[in-house]
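Position 191 (the sequence shown) corresponds to 223 in this note's numbering; numbering is contiguous.
Quick reminder that beta carbons are idealized off the backbone N, C-alpha and C, glycines included.
Bear in mind the structure is a predicted one, so any value in this text is a computation, not a measurement.
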Amino acid sequence: MGKIEMIISNLQKRKIPAKYFEKAEDAKKAILEEIKKEEVVGIGGSMTIHDMKLHEDLIKAGNPVHWHWLVEPSERNGVRQKAATADVYLTSTNALTEDGELINIDGVGNRVSGMFYGPKRVIVICGINKICSDIISGIDRIKNSACPPNAKRLGLKTPCAETGICNDCLSQDRMCNITTIINHKPMTVDLKVYIVGEELGY
């Protein structure tokens, strides 16, 4: 059994359905076919979703899309709340262990909370660059490969934005405020994971 097959098997043991797609375009097509036109879609902050342009195709299809990245700062909290109760919630994960656990670090918390409470269905898209051997290596990956470039992209005044490595800071702009590990299917949310054989996001 290859690594991807093993991860999918381990996710399924945790009652989390999973699929593998060679290309992001293949995953995108499957997601667009899966979401009905009348369904409301919420999106958590995700460069993967942004780069795949999923939001653009959903809007063109007529789906109501709630994503705080698409509105002015003054409107973001309201949009985050609408996304939290959507029919379908789309996001990525910061790390996926070989044992099938999803690890995420968030600043506000809307993205991670939407993965396990609120929406009816959640689809998590994971590029192969997010796969890690275990929880420890997953957290290390997030703090040193995901958060620093993300902080720099957002113009945050954190040490990692300057140095490129985590300093476990207590700065005002700190984005490593909430860490979650999904060990098993959330009780009230249908969660599935789509693994893509390309590097996606941070």
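Which stretch, first to last residue, makes up the alpha helix (DSSP H) that contains K267?
Within the shown structure, residues of the chain are numbered from 33 to 234, placing residue 267 beyond reach of any answer.
Need the endpoints of the alpha helix (DSSP H) that V144 sits in, please.
As a working mapping, residue 144 is identified with position 112 in the sequence shown. Start and end: N142 to G146.
Rounded to whole angstroms, how far is the Cβ of N161 from the Cβ of E57, which I believe are closer than 8 Å?
Translated into the one-based positions of the sequence shown, residue 161 becomes position 129. Translated into the one-based positions of the sequence shown, residue 57 becomes position 25. Not a contact, Cβ separation roughly 17 Å.
List the endpoints of the continuous beta strand (DSSP E) containing K224.
Reading the sequence shown from its first residue, position 192 is the one you call residue 224. Element bounds for K224: D222 to V228.
Would you mind working out which of V228, G229, K217 and D222 sits nearest N42, comparing C-alpha positions?
Mapped onto the sequence shown, residue 42 falls at position 10. That would be K217, whose Cα lies nearest to the Cα of N42.
From this set, P181, G170, S203 and I91, which residue's C-alpha is nearest A193's C-alpha?
Taking the first residue of the sequence shown as 1, we reach residue 193 at position 161. Comparing Cα-Cα distances from A193 to each of P181, G170, S203 and I91, the minimum goes to P181.
Restricting to Cα atoms, I'd like to know which of R185, Q204 and T125 is closest to T30.
One cannot answer for residue 30 here, as it falls past the ends of the chain, which runs 33 to 234.
Between S177, L188, M79 and I210, which lies nearest to S203 when the distance is taken from Cα to Cα?
As a working mapping, residue 203 is identified with position 171 in the sequence shown. Among S177, L188, M79 and I210, the Cα nearest to that of S203 is on L188.
What's the C-alpha gap between V72 and D89?
One-based indexing of the sequence shown puts residue 72 at position 40. One-based indexing of the sequence shown puts residue 89 at position 57. Whole-angstrom Cα-Cα distance: 14 Å.
With a CB to CB cut of under 6 Å and the five nearest residues on each side skipped, what residues in its chain are close to A116?
Here residue 116 refers to the residue found at position 84 when the sequence shown is read from its first residue. For A116, where only same-chain residues beyond five positions count, the Cβ hits under 6 Å are G146 and G150.
Would a C-beta distance cut-off of 9 Å place I227 and I155 closer than the cut-off?
For the purposes of this step, residue 227 is taken as the residue at position 195 of the sequence shown. For the purposes of this step, residue 155 is taken as the residue at position 123 of the sequence shown. Contact flag unset, no.
Alpha carbon to alpha carbon, what distance is there between R108 and I67?
To locate residue 67, count along the sequence shown from 1; it is residue 35. To locate residue 108, count along the sequence shown from 1; it is residue 76. Approximately 24 Å between the Cα atoms of the pair.
Contact between the region 165-183 and the region 95-109 is defined here as three or more beta-carbon pairs at a separation below 8 Å; is this criterion met?
Too few Cβ pairs lie closer than 8 Å, so no.
Let me know the beta strand (DSSP E) ranges lying completely inside the region 46-134, each 3 residues or longer, listed in chain order.
List check, beta strand (DSSP E) in window: 50-53, 73-75, 120-124 and 127-129.
For T212, which three-state DSSP category applies?
As a position in the sequence shown, residue 212 is number 180, starting the count at 1. Strand.
Straight-line CA distance for K35 to E130?
Sequence index remark: in the sequence shown, residue 35 carries index 3 (1-based). Sequence index remark: in the sequence shown, residue 130 carries index 98 (1-based). Straight-line Cα distance between these residues: approximately 7 Å.
Which residues in the same chain as I91 place their Cβ atom closer than 6 Å to its Cβ, once the five residues preceding and following it in sequence are excluded?
Counting from 1 along the sequence shown, the entry for residue 91 is found at position 59. These residues qualify, in order along the chain: V97.
Who are the near neighbours of I40 in its chain, counting only those whose CB is closer than 6 Å to its CB and skipping five residues on each side?
For this step, residue 40 is matched to residue 8 along the sequence shown. Excluding residues within five positions, the ones whose Cβ falls inside 6 Å are A50.
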